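Okay, so here's the structure we're looking at.
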Amino acid sequence: MLASFSPPSYTTGELIPMHSGPLTSVRSPLRYEASSIASCPPLPPPPGRLASLLSPPPAPYALRLHASLPLVACLARLGGGGAASLEARVRQGYRAQLSLGGLPAAARRGKSYALGYPLGGVGEAGEAYVNNHLEFVVQVHETAGGGASVVGFEVAAASVRYSHARWPSPEATNLRPEEVGLKAEGGALTLTPSLEAIPFTYNVTWLSSPLPYARRWEQYVSLPEGASIHYLSLSGSLATSLLLAAAVAAILVRTLRRDLSRYDADDEWADADGEAGWKYVHHDVLRPPPRPLLLASLLGAGVQLAAAAFATAGLALLSYRVHSLAPLLFAAAALPAGLAAAWLYRQMHGRQLYSLTAALAGTVPGLFLAFLFLLNTLLRAEGASPAVPSDSMLLLLSLWLCLDAPLVLLGVVLGSRAPRLADPVYTASIPRQVPYQPWYCRAWPSALLGGLLPFGCASIELAVLFSCVWNQRIYFLFGFLLLMMLTTTLVCAEVGIGSCYFQLCREDYRWWWRSFNSTGFAGAYLFIYALLYARSELQLPTFTACVLYYGYMAAAAIAFYLVTGTVGFLASFAFVQTIYSSLKVD
Numbered sequence: 001m002l003a004s005f006s007p008p009s010y011t012t013g014e015l016i017p018m019h020s021g022p023l024t025s026v027r028s029p030l031r032y033e034a035s036s037i038a039s040c041p042p043l044p045p046p047p048g049r050l051a052s053l054l055s056p057p058p059a060p061y062a063l064r065l066h067a068s069l070p071l072v073a074c075l076a077r078l079g080g081g082g083a084a085s086l087e088a089r090v091r092q093g094y095r096a097q098l099s100l101g102g103l104p105a106a107a108r109r110g111k112s113y114a115l116g117y118p119l120g121g122v123g124e125a126g127e128a129y130v131n132n133h134l135e136f137v138v139q140v141h142e143t144a145g146g147g148a149s150v151v152g153f154e155v156a157a158a159s160v161r162y163s164h165a166r167w168p169s170p171e172a173t174n175l176r177p178e179e180v181g182l183k184a185e186g187g188a189l190t191l192t193p194s195l196e197a198i199p200f201t202y203n204v205t206w207l208s209s210p211l212p213y214a215r216r217w218e219q220y221v222s223l224p225e226g227a228s229i230h231y232l233s234l235s236g237s238l239a240t241s242l243l244l245a246a247a248v249a250a251i252l253v254r255t256l257r258r259d260l261s262r263y264d265a266d267d268e269w270a271d272a273d274g275e276a277g278w279k280y281v282h283h284d285v286l287r288p289p290p291r292p293l294l295l296a297s298l299l300g301a302g303v304q305l306a307a308a309a310f311a312t313a314g315l316a317l318l319s320y321r322v323h324s325l326a327p328l329l330f331a332a333a334a335l336p337a338g339l340a341a342a343w344l345y346r347q348m349h350g351r352q353l354y355s356l357t358a359a360l361a362g363t364v365p366g367l368f369l370a371f372l373f374l375l376n377t378l379l380r381a382e383g384a385s386p387a388v389p390s391d392s393m394l395l396l397l398s399l400w401l402c403l404d405a406p407l408v409l410l411g412v413v414l415g416s417r418a419p420r421l422a423d424p425v426y427t428a429s430i431p432r433q434v435p436y437q438p439w440y441c442r443a444w445p446s447a448l449l450g451g452l453l454p455f456g457c458a459s460i461e462l463a464v465l466f467s468c469v470w471n472q473r474i475y476f477l478f479g480f481l482l483l484m485m486l487t488t489t490l491v492c493a494e495v496g497i498g499s500c501y502f503q504l505c506r507e508d509y510r511w512w513w514r515s516f517n518s519t520g521f522a523g524a525y526l527f528i529y530a531l532l533y534a535r536s537e538l539q540l541p542t543f544t545a546c547v548l549y550y551g552y553m554a555a556a557a558i559a560f561y562l563v564t565g566t567v568g569f570l571a572s573f574a575f576v577q578t579i580y581s582s583l584k585v586d
């Protein structure tokens, strides 16, 4: 059951707030404000409400509970180039987005829903027409107190050519058709250079629904045809990943048990046979890696991203509005990130804790905010909607400076005071020379193979996420998402342990960075998939559209690299500590 909180209730005749979103298209990642084309002026926001300052702009449609009169929203005048601009958006497949009572407007598409409604379409002769009439269907659930809550919001758009005898004033909105002598002439309203004004009309139908407010999202997430194939494919992928993890674990446990039994039974382990393999490098295996500050910063960022991702996915099982909490969850995850980074940095004998704090606080959030600022600048120059509105940008900046950075500092302080894990073996003062390694045992082949398995585990669900994000569909398989995340974590740990073990068997003790990059290379596969997806599914007509898509996908790939690399490293670190603490060394 899908949960929500404090359902709003409305009385008969009360105006239900409707908000207008940006214009979106599945063919382009660029978004545009609804006011950038010929449209009706929005209704004034309710006075005296702080929430209205942070909400999307109001829509021009006045929906009052149980009032079903057809209304004329406005007569939108087309200025110079207005018809051409609207025609361009129609031909690019843009849709208008509306929301009522917190629910997005959705148009039926078979057994599923598509968010928003199309601005228009293209006829058989190639002429573009505009959808200027909307049919709203609002489902309400009657409450015990005599009010009603919105539990469904559908919209159907049509193109109607009207004639009108008079219009009171250019500012007049939400009038009855008889007030302006509006008559439908039949046929679609074609966009031509001679078109001077567009009358926008709407009607609303109110339906009583037994669906409670807490379950109102269920009808939005009804599965389309072929969904059973998705379930079957995802289940097969999860089963394969679990079998692979079990097989790798069984091989490692069996091999290590045999090695430890042989080594422990031999008192003179220092001979040539006993010195072979992973035991031979016990005096160098805990030698601090190069650039420990950078490695600890990346590990802390990975812990922060992983903690925020798991918390968001877990809470998404309870409420679909959890996306509004994601920035807060990420900022709160800075505490375990700082603690883990400082503790691991001390394990590497690092001492520059102030530099670690600055690097960790600025690595992920600082660079991402800088990217968003650059992206907003490019989008405004293009005339498109900003990636993040100014008030949201200010909120993110405040979260970074007032919550994220202080929690990082607190975590670093706590991590630096935590007891350091005793080294199971001592480190020699002179590094041992690493034997010659064949090409397939070097860093790049190890990363290519190590990143393939975690990406393969997550590939099916990632394909669904790509389709939902860029095709403007509602994602709802949070149970499968959480299961995929858990399985990918398990596979990353197994791959990291396996890669580390076989590297040590080749007498190569430089496992610190290798264990991070081997599983972290899954992020590179994610970006390659994004390149192929853009080539086959998207149209990126401008430089700004390319920057928007590839910038977001690069950020997602880096985040995936940090999370998968962190899991592989932590598993390898625990593995090294375990096997060498079980070793009898005189």
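Position 507 of the sequence shown, counting from 1, maps to 507 under UniProt numbering, and the rest follow consecutively. Ideal placement from N, C-alpha and C gives every residue a C-beta, glycine not left out. If you're wondering where the values come from, they're calculated on a predicted model, not measured in any experiment.
How would you label residue i, buried or exposed, when you count the other beta carbons within 10 angstroms and need 16 or more for buried?
i	result
alanine 428	exposed
phenylalanine 543	exposed
tyrosine 509	buried
threonine 377	exposed
arginine 108	exposed
threonine 357	buried
tyrosine 113	buried
cysteine 402	exposed
aspartate 391	exposed
proline 248	Note that residue 248 is valine in the sequence shown here, rather than proline. With 16 or more Cβ atoms within 10 Å of its Cβ, valine 248 is classed as buried.
threonine 11	exposed
valine 434	exposed
tyrosine 354	exposed
Residue i to residue j, Cα distance in whole Å?
i	j	result
leucine 407	alanine 359	14 Å
leucine 452	phenylalanine 480	20 Å
histidine 349	tyrosine 580	19 Å
tyrosine 440	glycine 338	36 Å
tyrosine 202	tryptophan 400	44 Å
residue 587	leucine 103	Outside the displayed span of the chain (1 to 586) sits residue 587, for which this structure offers no information.
valine 155	tyrosine 94	16 Å
aspartate 267	tryptophan 444	Below a pLDDT of 50, predicted positions are generally treated as unreliable, and aspartate 267, at 49, falls in that range; the measurement from the model is reported next regardless. Going by the C-alpha atoms only, they are around 38 Å apart.
valine 130	valine 90	7 Å
glycine 146	leucine 63	18 Å
tyrosine 162	proline 41	20 Å
aspartate 404	glutamine 304	10 Å
alanine 334	glycine 80	51 Å
methionine 18	alanine 370	33 Å
glycine 13	valine 160	28 Å
phenylalanine 368	tyrosine 552	10 Å
So which of the options has the shortest CA-CA distance to residue i?
i	options	result
tyrosine 32	Ser20, Pro42 and Pro41	Ser20
leucine 448	Val150, Val137 and Phe516	Phe516
asparagine 174	Gly350, Ala405 and Cys74	Cys74
valine 253	Arg506, Ile497, Gly456 and Thr487	Ile497
threonine 192	Tyr94, Gly120, Ala83 and Pro210	Ala83
glutamine 577	Pro424, Pro290 and Trp439	Pro424
serine 149	Arg27, Met484 and Trp206	Trp206
leucine 243	Ile558, Pro45 and Thr488	Thr488
valine 180	Gly186, Gly187 and Phe200	Phe200
serine 235	Ala105, Leu477 and Ala308	Leu477
leucine 65	Leu397, Ala245 and Phe153	Phe153
If we call anything under 9 Å between Cβ atoms a contact, is residue i one with residue j?
i	j	result
leucine 298	leucine 562	yes
alanine 326	threonine 312	yes
glycine 411	alanine 316	no
tryptophan 513	proline 336	no
residue 597	histidine 141	Since the first residue of the chain shown is 1 and the last is 586, residue 597 is not available in this structure.
phenylalanine 466	tyrosine 533	yes
valine 26	proline 177	no
serine 28	glutamine 92	yes
cysteine 492	leucine 238	no
Can you give me the Cβ contacts of residue i inside the same chain, cut-off strictly under 6 Å, excluding the 5 residues immediately before and after it?
i	result
arginine 420	Arg346
alanine 306	Val563
leucine 30	Ala384 and Ala545
glutamate 127	Thr190
valine 469	none
leucine 115	Pro104, Ala106 and Gln472
proline 365	Trp400 and Asp404
For residue i, collect the residues of the same chain with a Cβ closer than 8 Å to its Cβ; drop the 5 residues on either side in sequence, then sort them by chain order.
i	result
leucine 78	Ala38, Leu86, Leu195, Glu196, Ala197 and Ile198
glycine 277	Asp259, Leu504, Cys505 and Glu507
Leaving aside the five residues before and after residue i along the sequence, list all residues of the same chain whose C-beta is less than 7 Å from its C-beta, in chain order.
i	result
phenylalanine 560	Ala522, Gly523 and Leu526
histidine 282	Val425, Tyr580, Leu583 and Val585
proline 118	Arg95, Asn131 and Ala157
leucine 69	Arg176
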